[in-house]
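Below: the structure, in structure tokens.
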Amino acid sequence: MDAISFWILATILVLASVLVVGQRNPMHSVFLLILSFAALAGLYILLGAPFAAMIQVIVYVGAIMVLFLFVVMLLNAPTEEATSGDRIRRMFGAGPRHFGAVLSAVFAVELALALIRLASMPMPSADRGAPVATVYDIGLRLFHDYGFAFEATSVLILVAMVGAIVLARREAR
Amino acid sequence: MLFGISRELIVHLVIIGVVFFALQITAAVLVYMERKVAAVIQERYGPYLVGPKGLMQPLADILKLIMKEELRPKGADVVLFYAAPILSATAAFAAFAVIPFGADTTFFGFLDSPIHLAAADVNVGLLVIFAISSMGVYGVVLAGWASNSKYSLLGGLRSSAQMISYELAYGLSFAAVILLAGSLSLRGIVDLQDGYWFGVIPRWYLFLQPFGFLIYLIAGVAETNRAPFDFPEAEQELVAGYHTEYSSMSFALFFLAEYVNMATVAAVATDLFLGGWHGPFPLPAGFEWIWFLVKVFAILFFYIWMRWTLPRYRYDQLMEFGWKWLLPAAVLNLLVTAGAVIYMGW
């Protein structure tokens with residue numbers, strides 16, 4: 702049962718993630734991304750972490766993607782035009798894209814190395830009786846053990862927010 | 043055991059079926075109730091032709107909707123246009139799945155051990171409801187965008203802005219109850235509200251959280267897009283808002299989703315603040331869910347009453363109220379509750 706659920710969710714996740722990049726219509730990309738987030742939440746449930754799953758849905762699907770949607774709708778992003786043969790030339794022509802290609806190559810190598818190491822590592826046993834992380838435990842860890850890091854992160858986010866408002870604000874006079 | 047199927051499984055399937063159909067019937071009853079209550083408030087008769095006292099009116103409405111032609115505007119995004127109502131209705135029904143609606147029961151000895159009365163018993167139930175209700179907004183936004191109509195788009199945008207703004211106050215009013223109960227499980231929260239203070243007053247969180255309840259009710263109305271917060275479908279300005287271009291069963295799904303969402307908001311309020319199935323006096327074992335039903339319909343009646351009494355706010359007033367009054371009030375309520383829990387041991 703778990704295995705079947707895993708494969709279904711994993712297939713949805715991978716397919717949706719791949720399709721996000723391939724869409725011409727930004728609106729479709731947004732919804733495929735939501736689908737992949739939802740599938741990821743399903744995987745968290747399979748891993749025995751219902752709290753993480755629900756937070757994933759509330760934060761990413763419920764809040765962040767709504768903002769994405771807002772931006773796409775308000776800017777009325779046009780559908781990308783289908784380009785002919787020079788598409789590939791454009792992709793490798795521009796400097797930033799060159800950089801992007803190198804970056805993704807590095808990332809691919811890293812991922813491959815990680816997978817190779819993972820194969821030689823002992824996997825945690827799929828023991829369903831193991832205690833799951835409760836909300837209580839997570840709260841204690843977050844606000845007690847890692848209290849400083851947590852607060853520092855929130856200050857960082859606050860700074861980013863204030864900065865965004867300052868940059869975006871039009872002068873009154 | 044019967045053909046290898048345990049009695050528990052049968053009961054679970056029956057409960058899921060009952061919840062599913064009860065929600066649809068509730069929606070039909072609500073449509074009738076809405077029209078009748080509106081008629082009483084406005085000194086009219088309301089529906090009275092179809093069936094005795096017009097009771098068959100919802101059925102006639104459904105038949106009419108099924109018979110209608112399914113229209114799709116030119117230039118609409120085909121996939122998203124049809125996905126939107128499905129998403130709306132699915133989210134509405136899914137949220138109700140985790141709501142417990144009655145005490146543990148053996149169904150009068152049918153089962154060996156008592157089971158929980160809920161379609162799905164989840165120990166992070168409140169988070170599930172919050173997560174799914176935050177998904178409901180996509181149905182509305184999607185409908186607004188995919189219809190390729192300016193009225194729909196404006197309705198969809200307004201609705202998403204409204205739902206995001208009021209979701210915060212909505213969530214914070216949950217949080218105060220979670221603090222008091224120390225549990226995210228709806229069943230656990232209801233069980234803590236069993237018993238009486240001084241032998242008469244039921245131990246409902248309503249009495250510990252009067253402001254929380256008020257904030258919840260207001261935010262709940264805004265979340266379900268009902269008057270006086272029904273901007274997404276402000277008729278005078280936007281024709282019908284996000285579902286302007288929908289007809290036939292796609293429209294019916296939006297309609298159904300709206301009423302099921304109302305029922306969910308009322309049911310959560312009942313479980314969180316009004317003691318769920320614990321009433322002022324106990325009912326015989328196996329019939330506790332009647333209290334639940336009574337309370338849910340009392341809240342639903344209140345919502346309908348409100349819709350036909352209060353005029354719609356202006357859009358800037360809505361945003362100002364949500365961010366400058368409701369949200370600070372909810373934060374304050376949470377802080378005071380946290381203080382009471384720590385220092386007074388509530």
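The listed protein sequences derive, respectively, from chains S and H.
Okay, so the first sequence: first residue is 702 according to this note's numbering, each after it adds one.
Okay, so the second sequence: first residue is 43 according to this note's numbering, each after it adds one.
All C-beta atoms, glycine included, are put in the ideal place defined by N, C-alpha and C.
Owing to the predicted nature of the structure, the values given are computational and were not obtained by experimental measurement.
Residue of the options minimising C-alpha distance to residue i
| i | options | result |
| --- | --- | --- |
| Trp246 of chain H | H:Phe343, H:Leu234 and H:Leu256 | H:Leu234 |
| Glu111 of chain H | H:Pro370, H:Ser292, H:Val310 and H:Gly237 | H:Ser292 |
| Tyr180 of chain H | S:Leu716, S:Val722 and S:Val731 | S:Val731 |
| Phe297 of chain H | H:Phe253, H:Leu91, H:Ile108 and H:Ala131 | H:Ala131 |
| Met766 of chain S | S:Leu776, S:Leu733 and S:Leu747 | S:Leu733 |
| Glu85 of chain H | H:Trp350, H:Tyr357 and H:Asn375 | H:Trp350 |
| Asn375 of chain H | H:Leu250, H:Tyr238 and H:Val302 | H:Leu250 |
| His729 of chain S | S:Met774, S:His799, S:Phe707 and S:Ile759 | S:Met774 |
| Thr266 of chain H | H:Leu342, H:Ala160 and H:Val232 | H:Leu342 |
| Met75 of chain H | H:Ile346, H:Ile257, H:Val383 and H:Lys192 | H:Ile346 |
| Met304 of chain H | H:Val378, H:Phe135 and H:Ala173 | H:Phe135 |
| Ala299 of chain H | H:Val61, H:Ile58, H:Leu65 and H:Ala161 | H:Leu65 |
| Phe253 of chain H | H:Pro370, H:Arg200 and H:Tyr124 | H:Pro370 |
| Val772 of chain S | H:Ala102, H:Ser202 and H:Met348 | H:Ser202 |
Residue environment, residue i, which counts as buried when at least 16 other CB atoms sit within 10 Å
| i | result |
| --- | --- |
| Gln359 of chain H | exposed |
| Leu214 of chain H | buried |
| Leu812 of chain S | exposed |
| Gln204 of chain H | buried |
| Leu105 of chain H | exposed |
| Phe844 of chain S | exposed |
| Glu287 of chain H | buried |
| Leu51 of chain H | exposed |
| Arg829 of chain S | A caution first: Arg829 of chain S carries a pLDDT of 49, below 50, which makes its placement in the model unreliable, though a value can still be read off. Per the 10 Å Cβ criterion, exposed. |
| Tyr301 of chain H | buried |
| Leu222 of chain H | buried |
| Tyr212 of chain H | buried |
| Leu72 of chain H | buried |
| Asp272 of chain H | buried |
| Trp319 of chain H | buried |
| Arg818 of chain S | exposed |
| Ala308 of chain H | buried |
| Met801 of chain S | As written in the sequence, residue 801 of chain S is Gly, which differs from the Met given in the question. Exposed is the call here. |
| Ala218 of chain H | buried |
Neighbour list for residue i in chain S, Cβ cutoff strictly below 9 Å
| i | result |
| --- | --- |
| Ser202 of chain H | Val767, Leu770, Phe771 and Met774 |
| Tyr180 of chain H | Phe732, Ile735, Val762, Met766, Val767 and Leu770 |
| Met177 of chain H | Ile735, Ala739, Val758, Val762 and Gly763 |
Close beta carbons around residue i, own chain, < 8 Å, minus the five adjacent residues each side
| i | result |
| --- | --- |
| Ala327 of chain H | Ala145 and Thr147 |
| Tyr745 of chain S | Pro751, Ala753, Ala754 and Gln757 |
| Ala831 of chain S | At Ala831 of chain S the pLDDT is 47, less than 50, meaning the model places this residue with poor confidence and gives no usable figure here. |
| Ala717 of chain S | Leu733, Leu734, Leu736, Ser737 and Ala740 |
| Ala764 of chain S | none |
Cutoff 7 Å; reference residue i; Cβ partners in own chain excluding five residues on either side
| i | result |
| --- | --- |
| Leu316 of chain H | Trp246, Leu248 and Lys337 |
| Ser176 of chain H | Glu209 |
| Pro322 of chain H | Pro244 |
| Leu168 of chain H | Phe216, Ile220, Leu226 and Leu228 |
| Ile260 of chain H | Leu368 |
| Pro94 of chain H | none |
| Leu129 of chain H | Tyr180, Gly181 and Leu184 |
| Ser207 of chain H | Met361, Gly364 and Trp365 |
| Ser191 of chain H | Pro115, Thr286 and Glu287 |
Proximal chain H residues relative to residue i, where beta-carbon distance stays under 8 Å
| i | result |
| --- | --- |
| Val836 of chain S | Val166 and Leu226 |
| Met755 of chain S | Val166, Leu169, Val170, Phe172 and Ala173 |
| Phe738 of chain S | None at all; the shortest Cβ gap to chain H is about 10 Å. |
Contacts around residue i, its chain only, beta-carbon distance under 6 Å, and the 5 residues preceding and following it disregarded
| i | result |
| --- | --- |
| Ile705 of chain S | none |
| Gly88 of chain H | Arg77, Lys78 and Ala81 |
| Thr306 of chain H | Ala137 and Phe138 |
| Gly186 of chain H | Ser194, Leu195, Gly197, Gly198 and Tyr284 |
| Ile141 of chain H | Ala309 |
| Gly96 of chain H | Pro89 and Tyr90 |
Contacts that residue i makes with chain H (C-beta to C-beta distance below 9 Å)
| i | result |
| --- | --- |
| Phe849 of chain S | Simply none; closest approach about 21 Å. |
| Met728 of chain S | Asp119, Leu122, Leu184, Trp187 and Ala188 |
| Phe752 of chain S | Val166, Leu169 and Leu226 |
Under 7 Å from the C-beta of residue i: neighbouring residues of chain S
| i | result |
| --- | --- |
| Ile206 of chain H | Val767 |
| Phe172 of chain H | Ile759 |
| Leu199 of chain H | Met774 |
Proximal chain S residues relative to residue i, where beta-carbon distance stays under 8 Å
| i | result |
| --- | --- |
| Ser292 of chain H | Within 8 Å Cβ-Cβ: nothing; Ser292 of chain H doesn't reach chain S, min ~18 Å. |
Cutoff 8 Å: residue i Cβ touching any chain C Cβ
| i | result |
| --- | --- |
| Leu814 of chain S | Note that chain C does not occur in the displayed structure, where the protein chains are S and H. |
Which ranges would you report for the beta strand (DSSP E) in the region 212-261 of chain H if only whole runs of at least 3 residues count? none
Every unbroken alpha helix (DSSP H) inside the region 92-174 of chain H [4 residues or more]: 99-109 and 120-138
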